[in-house]
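Have a look at the structure below, then the notes.
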Amino acid sequence: MNYQAILNEIYEELQPELMRGRVADYIPALAEVEKGQFAMTVTLDDGQVFSVGESSKQFSIQSISKVFTFTLALDIYSRELYKRVGVEPSGNPFNSLVQLEYENGIPRNPFINAGAITITDTLISHYKDEYKTLEVIMHFVRQISGNPKLSFDSAVAKSEMEHGDRNLALARLMKSFGNFENDVINTVMTYFKHCAITMNTEELSRSMLFLAFGGRDPISKKQFITPSQAKRINAVMLTCGHYDASGEFAFHVGLPAKSGVGGGIAAIVPGKMSIAVWSPALNKYGNSHAGTLALEKFTTKTGLSIF
Ligand code: GLN
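At position 192 of the sequence shown (counting the first as 1) the number is 197 in the numbering used here, and the numbers step up by one without a gap.
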């Protein structure tokens with residue numbers, strides 16, 4: 006299949022859509038990102054990379070980082086992890102407080118904010134402090150992305166903390182139910198820092214490749230997690246990766262994928278490839294408008310989906 010031609014076609018067809026939607030302005034540092042930008046990359050197991058648009062431009066991966074922290078926590082805690090966080094779709098916005106109250110402080114899944122903050126909390130408990138935890142997360146993303154220099158944008162993390170009342174409220178609510186082990190401020194700050202990791206679509210697509218191949222990066226040949234763990238992470242991406250639009254995303258795209266409010270979406274085609282797309286203007290669910298359409302076009306044109 007001529008992936009380059011397909012990506013070029015998608016880019017062309019999406020031009021009228023690129024200005025539609027809104028950039029995430031509840032994080033002031035992200036509100037400054039220009040609309041209208043677009044990049045898409047496909048990475049195959051033999052290392053072939055196909056890109057279109059601004060594929061070397063770094064952006065804030067935001068909630069996509071939750072896939073990487075969930076991976077680390079699952080590897081450490083295994084089934085024990087599910088005592089603290091579920092694996093059910095929430096049907097609610099990513100930062101909702103409502104469900105958390107009536108479900109006694111146990112977040113529905115690791116990809117809504119409450120769940121991801123819990124995951125960060127479990128990592129801090131394991132590694133004993135937040136610095137070591139961040140170091141481990143950064144080491145892991147550097148390994149899977151193949152870029153040893155990958156970093157996070159501290160201005161974005163700081164900006165998010167300055168407007169972080171809702172996430173702090175989620176953490177405090179969980180603490181009130183006894184589902185929180187570490188200092189709330191330090192934990193939420195660590196969460197903001199991993200959300201502020203910057204990558205371009207080439208790095209992001211490479212980072213997800215191990216999930217498309219049973220936990221093993223086919224390029225570096227490193228086995229990061231077991232095939233069974235990869236299967237579970239992919240299942241949670243499929244059912245919860247786009248919050249209250251997860252059903253719609255599965256319906257239109259048909260791939261396990263995770264979005265972030267920086268406008269990125271990372272998807273995998275099991276046994277075949279990983280795909281990353283970025284376009285900063287978001288739809289009403291907080292998922293990239295053009296990014297979602299691009300993936301829908303990709304699975305339609307290629308016939309690749311898990312269904
Ligand atoms: N850091 C963001 C937040 O906590 C992540 C949200 C997202 O990407 N959906 O609100």
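Think of the CB as a built atom: it goes at the ideal place given N, C-alpha and C, for glycine as much as any other residue.
Skipping 5 residues on each side, what residues in its chain have a beta carbon closer than 6 Å to that of residue 171? Within the same chain, and ignoring the five residues on either side of residue 171 in sequence, the residues whose Cβ sits closer than 6 Å to its Cβ are 100.
Burial state of residue 289, where buried means 16 or more other Cβ atoms lie within 10 Å: Exposed, since its Cβ has fewer than 16 Cβ neighbours within 10 Å.
Smallest Cα separation from residue 58: which of 110, 224, 11, 75? Taking the Cα of residue 58 as reference, the smallest distance to any Cα among 110, 224, 11, 75 is reached at 11.
Would you kindly work out how many angstroms separate the C-alpha atoms of residue 63 and residue 55, rounded to a whole number? Distance between the alpha carbons of residue 63 and residue 55: 17 Å.
Alpha carbon of residue 144 to alpha carbon of residue 89, nearest angstrom: Going from the Cα of residue 144 to the Cα of residue 89 covers about 25 Å.
So, residue 241 versus residue 116, is the Cβ gap smaller than 9 Å? At a Cβ-Cβ threshold of 9 Å, residue 241 and residue 116 count as neighbours.
Measure the alpha-carbon distance for residue 66 versus residue 227 and round it to whole angstroms. CA-CA distance, residue 66 to residue 227, rounds to 23 Å.
Between the alpha carbons of residue 162 and residue 35, how many angstroms are there, rounded? Taking the Cα positions, residue 162 is about 10 Å away from residue 35.
Suppose the cutoff is 7 Å on Cβ atoms and the five residues either side in sequence are ignored; what does the same chain contact list for residue 244 look like? If we look at residue 244 and ignore the five residues flanking it on each side, its Cβ neighbours are 94, 251.
For the beta strand (DSSP E) containing residue 48, name the first residue and the last one. In the DSSP assignment, residue 48 falls within the unbroken beta strand (DSSP E) covering 44 to 49.
Any heavy atom of the ligand GLN within a distance shorter than 8 Å of the CB on residue 165? The nearest non-hydrogen atom of the ligand GLN is less than 8 Å from the C-beta of residue 165.
Output the distance between the C-alpha atoms of residue 287 and residue 70, rounded to the nearest integer angstrom. So the two alpha carbons sit approximately 18 Å from each other.
State the DSSP-derived secondary structure class of residue 243, mapped to helix, strand or coil. Helix at residue 243.
Please classify residue 103 as buried or exposed, where buried requires at least 16 other C-beta atoms within 10 Å of its C-beta. Exposed.
Beta-carbon within less than 7 Å of residue 191's beta-carbon, same chain only, minus the 5 sequence neighbours each way: which residues are those? If the five residues before and after residue 191 are omitted, its C-beta is found closer than 7 Å to the C-beta atoms of 135, all from its own chain and listed in chain order.
Close beta carbons around residue 44, own chain, < 6 Å, minus the five adjacent residues each side: 58, 59, 60, 206, 283, listed in sequence order.
Compute the Euclidean distance between the alpha carbons of residue 233 and residue 219, then round it to the nearest angstrom. Rounded to whole angstroms, residue 233 to residue 219 spans 7 Å at the Cα level.
Measure how close the beta-carbons of residue 175 and residue 122 come, nearest whole angstrom, since I'm counting them as under 8 Å. In this structure residue 175 touches residue 122 by the C-beta definition: roughly 6 Å separates them, less than 8 Å.
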